[in-house]
Amino acid sequence: MTAHQPIGVFDSGLGGLTVLREIRRLLPHENLLYVADSGHAPYGDKPMAAIEARSLAITEFLLDHGAKAIVIACNTATGAAARLLRTRYPVPLVAMEPAVKPAVERTRSGVVGVLATRQTLASHNFSVLLDRVGRGVEVLRQPCPGLVERVEAGDLDGERTRALLAQYLEPLLARGADMLVLGCTHYPYLTPLIQELAGPTVQVLDSGAAVARQVQRRLGEAGLLAPADRVGEELFWTSGNPADMHGLMTRLWESDVVLHRLGTESAPRATRPAGDLVLESV
Ligand code: DGL
1 MTAHQPIGVF DSGLGGLTVL REIRRLLPHE NLLYVADSGH APYGDKPMAA IEARSLAITE
61 FLLDHGAKAI VIACNTATGA AARLLRTRYP VPLVAMEPAV KPAVERTRSG VVGVLATRQT
121 LASHNFSVLL DRVGRGVEVL RQPCPGLVER VEAGDLDGER TRALLAQYLE PLLARGADML
181 VLGCTHYPYL TPLIQELAGP TVQVLDSGAA VARQVQRRLG EAGLLAPADR VGEELFWTSG
241 NPADMHGLMT RLWESDVVLH RLGTESAPRA TRPAGDLVLE SV
């Protein structure tokens with residue numbers, strides 16, 4: 001393993017780009033590999049075993065492409081597979097944790113709302129997190145089926161997204177929540193709309209920046225931070241149709257993306273072990 005190798009990041013789809021953005025901000029010298037499993041999104045209503053299988057396959061793919069560390073930029077995959085991936089692969093692995101801790105510390109009303117997928121809210125990880133940091137505060141769990149699909153469709157502020165969000169926020173606001181935790185990496189794309197619907201007295205929190213700091217810490221400890229004399233690059237794969245996804249991905253990443261199809265013979269390979277993002281066909 002060398003510091004020159006890239007960091008592998010994945011999500012069920014486009015949501016993990018909100019985490020990738022924070023990693024890019026903090027670690028400008030790192031090469032980044034990103035897999036959007038949009039062909040299998042959403043994960044949130046799938047059985048845990050199916051999410052675990054996808055997470056294993058994608059992690060293998062990223063390691064095979066030279067990843068020196070893995071970031072599970074998906075709360076749902078974290079709940080389903082983080083423990084297994086940690087035991088199976090001896091690389092630094094960073095996973096998501098909804099920002100319940102800062103929300104509990106900051107709430108004035110004593111009521112915190114958590115928006116996430118059904119599977120995240122039902123996960124063992126989430127129960128452990130609540131036991132650890134949720135005491136003394138009312139933590140309301142709000143599953144949000146359908147929201148990931150709105151983001152995957154590029155509908156960040158249309159009528160359907162607005163109606164879904166209004167429906168999910170209503171019970172939390174009615175109970176007096178003054179902190180809204182985004183427990184799904186797709187939702188930060190909806191922050192402006194959530195803030196508009198919830199009003200200025202409510203704070204909206206996500207954990208992308210904290211995860212980026214954790215990546216920096218773990219790589220630093222392992223002596224794997226990229227040398228400061230290069231500009232990092234990104235490579236993207238999708239299990240959806242790259243031609244369909246390219247426009248939306250470019251819009252969300254705010255820069256033209258190099259996007260490849262995941263899981264075909266023509267998938268490009270990053271050369272190893274240097275980790276420079278030179279592509280070769282396999
Ligand atoms: N971005 C994923 C998460 O953080 C979305 C899960 C899904 O695909 O339902 O949970």
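Quick note: this note's numbering has the sequence shown finishing at residue 282, numbered continuously throughout.
Every residue gets a Cβ at the ideal spot worked out from N, C-alpha and C, and that includes glycine.
Looking only at its chain, what residues have a beta carbon closer than 8 Å to the beta carbon of residue i, apart from the 5 residues adjacent to it on each side?
| i | result |
| --- | --- |
| R213 | L26 |
| P98 | N75, V114, A116, T120, F126, L129, V181, L182, G183, S207 |
| A198 | L169, L173, L180, V204 |
Could you compute how far the alpha carbon of residue i sits from the alpha carbon of residue j?
| i | j | result |
| --- | --- | --- |
| A310 | E170 | Look at the range of the chain in this structure, 1 to 282, and you will see that residue 310 is not part of it. |
| E233 | A226 | 12 Å |
| L248 | G154 | 6 Å |
| I7 | L33 | 6 Å |
| G134 | A95 | 19 Å |
| A122 | P200 | 30 Å |
| V231 | H4 | 12 Å |
| H65 | L259 | 15 Å |
| E265 | L193 | Low local confidence applies: a pLDDT of 35 at E265 is under 50, so the model's placement there is unreliable, with the coordinate-based value given in what follows. Taking the straight line from one Cα to the other gives about 41 Å. |
| V278 | T76 | Any reading at V278 is ruled out, since the residue's pLDDT is 39, under 50, leaving its predicted position unreliable. |
| T107 | R175 | 13 Å |
| E152 | G158 | 13 Å |
| R162 | A228 | 43 Å |
| Q195 | E30 | 32 Å |
| R217 | V104 | 24 Å |
| R88 | E60 | 10 Å |
| V9 | L20 | 7 Å |
Looking only at its own chain, which residues have a Cβ that is under 7 Å from the Cβ of residue i, when we skip the five neighbours before and after it?
| i | result |
| --- | --- |
| G110 | V137, E138 |
| P102 | L205 |
| A222 | P92 |
| E149 | P42 |
Identify, in the order they occur along the chain, each residue of the same chain with its Cβ nearer than 6 Å to the Cβ of residue i, setting aside the five sequence neighbours on each side.
| i | result |
| --- | --- |
| G240 | S38, G39 |
| T250 | D256, V257 |
| G15 | T185, H186 |
| M1 | K68 |
| L224 | A3, K68 |
| T286 | Since the first residue of the chain shown is 1 and the last is 282, residue 286 is not available in this structure. |
| Y189 | V151, L156 |
| G13 | A36, S38, A41, E152 |
Taking Cβ to Cβ, would you say residue i is nearer than 8 Å to residue j?
| i | j | result |
| --- | --- | --- |
| V202 | D178 | yes |
| L180 | L115 | yes |
| E22 | G183 | no |
| L130 | G113 | no |
| P92 | L219 | yes |
| T253 | L62 | One detail in the question is off: residue 253 reads as Trp in this sequence, not Thr. Going by C-beta atoms, W253 is not nearer than 8 Å to L62. |
| V71 | L262 | no |
Report the start-end ranges of each alpha helix (DSSP H) in the region 68-124 that is 4 residues or longer and not cut off at the edges.
For the region 68-124, whole alpha helix (DSSP H) runs of length 4 or above, ordered along the chain, are 75-88, 100-106, 118-122.
With three or more C-beta pairs closer than 8 Å as the rule, is the region 41-60 touching the region 80-94?
Touching, yes, given that three or more Cβ pairs across the two stretches are closer than 8 Å.
Segments of 3+ residues assigned as beta strand (DSSP E) that fall wholly inside the region 218-258:
Uninterrupted beta strand (DSSP E) stretches at least 3 residues long and entirely within the region 218-258 occur at 234-238, given in chain order.
Spell out a yes or no on whether the region 42-53 and the region 138-151 are touching, meaning 3 or more CB-CB pairs, one atom from each, closer than 8 Å.
Three or more beta-carbon pairs separated by less than 8 Å link the region 42-53 to the region 138-151, which places the two stretches in contact.
Which runs of the alpha helix (DSSP H) spanning at least 4 residues fall entirely within the region 193-222, listed in chain order?
Counting whole runs of 4 or more residues, the region 193-222 contains the alpha helix (DSSP H) stretches 208-221.
Minimum length 3: unbroken beta strand (DSSP E) runs contained in the region 151-195
Every beta strand (DSSP E) stretch that sits fully inside the region 151-195 and reaches 3 residues is listed by chain position as 179-182.
Enumerate, from N- to C-terminal direction, the unbroken alpha helix (DSSP H) stretches of 4 or more residues contained entirely within the region 28-69.
Every unbroken stretch of the alpha helix (DSSP H) spanning 4 or more residues and falling wholly within the region 28-69 is given here in chain order: 48-64.
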